[in-house]
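Remarks on the structure that follows.
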Amino acid sequence: MRIETHGQQIEVTSALRDYVESKLARLQRHYEQPFDIRTQLSLDKPDHRAEATVNLAGRTLHCDAAAVDMYAAIDLLADKLDRLLMKHKSKLVDHHRGESLARNGEFG
355 MRIETHGQQI EVTSALRDYV ESKLARLQRH YEQPFDIRTQ LSLDKPDHRA EATVNLAGRT
415 LHCDAAAVDM YAAIDLLADK LDRLLMKHKS KLVDHHRGES LARNGEFG
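Here the sequence shown is numbered in the working numbering, starting from 355 and rising by one per residue.
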């Protein structure tokens, strides 16, 4: 997994970059194949804003979060991305493999 962190109207310090990488490292557990995450940190007064674009194989997912400070925005972003990736992964799994009663025309 490759994480790119950029700043818009804000300087991305090494502490912010390390915090983003540590928070988003847990997203790697959802997929075995490598994927890229591009994060953008910005100041949208009075809030701090964190946005991320995830490039999976054939899909692009986008998420954003805003909070009173940058670290809280990054925490919210990591939680939202975690839920988004779990939702996307559950859509990839076919839950309709077995024979169902509705498919056979037998109701209740």
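Glycine included, every Cβ here is placed at the ideal spot set by N, Cα and C.
Element boundaries [alpha helix (DSSP H), containing Leu438]: What you label residue 438 is simply residue 84 of the sequence shown in a count that begins at 1. Leu438 -> alpha helix (DSSP H) spans 424-446.
Does the Cβ-Cβ distance between Ala379 and Asp401 come in under 8 Å? Looking up residue 379 in the sequence shown gives position 25. Looking up residue 401 in the sequence shown gives position 47. Against a cut-off of 8 Å, the Cβ pair of Asp401 and Ala379 comes out as no contact.
Give me the residue from Lys399, Tyr385, Thr407, Ile428 with the minimum Cα distance to Asp372. In the sequence shown, residue 372 corresponds to position 18, counting from 1. Ranking Lys399, Tyr385, Thr407, Ile428 by Cα distance to Asp372 puts Ile428 first.
Does DSSP classify Val408 as helix, strand or coil? Along the sequence shown, one-based indexing puts residue 408 at 54. Strand at Val408.
Report the residue from Met440, Lys434, Tyr425 whose alpha carbon sits nearest the alpha carbon of Val366. Position 12 of the sequence shown, counted from the first residue, corresponds to residue 366. Among Met440, Lys434, Tyr425, the Cα nearest to that of Val366 is on Tyr425.
Measuring CB to CB, does Leu397 end up less than 8 Å from Leu439? Counted from its first residue, the sequence shown places residue 397 at position 43. Counted from its first residue, the sequence shown places residue 439 at position 85. No, the Cβ-Cβ distance between Leu397 and Leu439 is not below 8 Å.
Measure the C-alpha to C-alpha separation of Val374 and Thr359 and round it to an integer number of angstroms. Reading the sequence shown from its first residue, position 20 is the one you call residue 374. Reading the sequence shown from its first residue, position 5 is the one you call residue 359. If you take the alpha carbons of Val374 and Thr359, they lie about 8 Å apart.
Give me the DSSP bridge partner(s) of Glu358. As a first step, residue 358 is located in the sequence shown; it is residue number 4 there, counting from the start. Its beta-bridge partners are Arg392.
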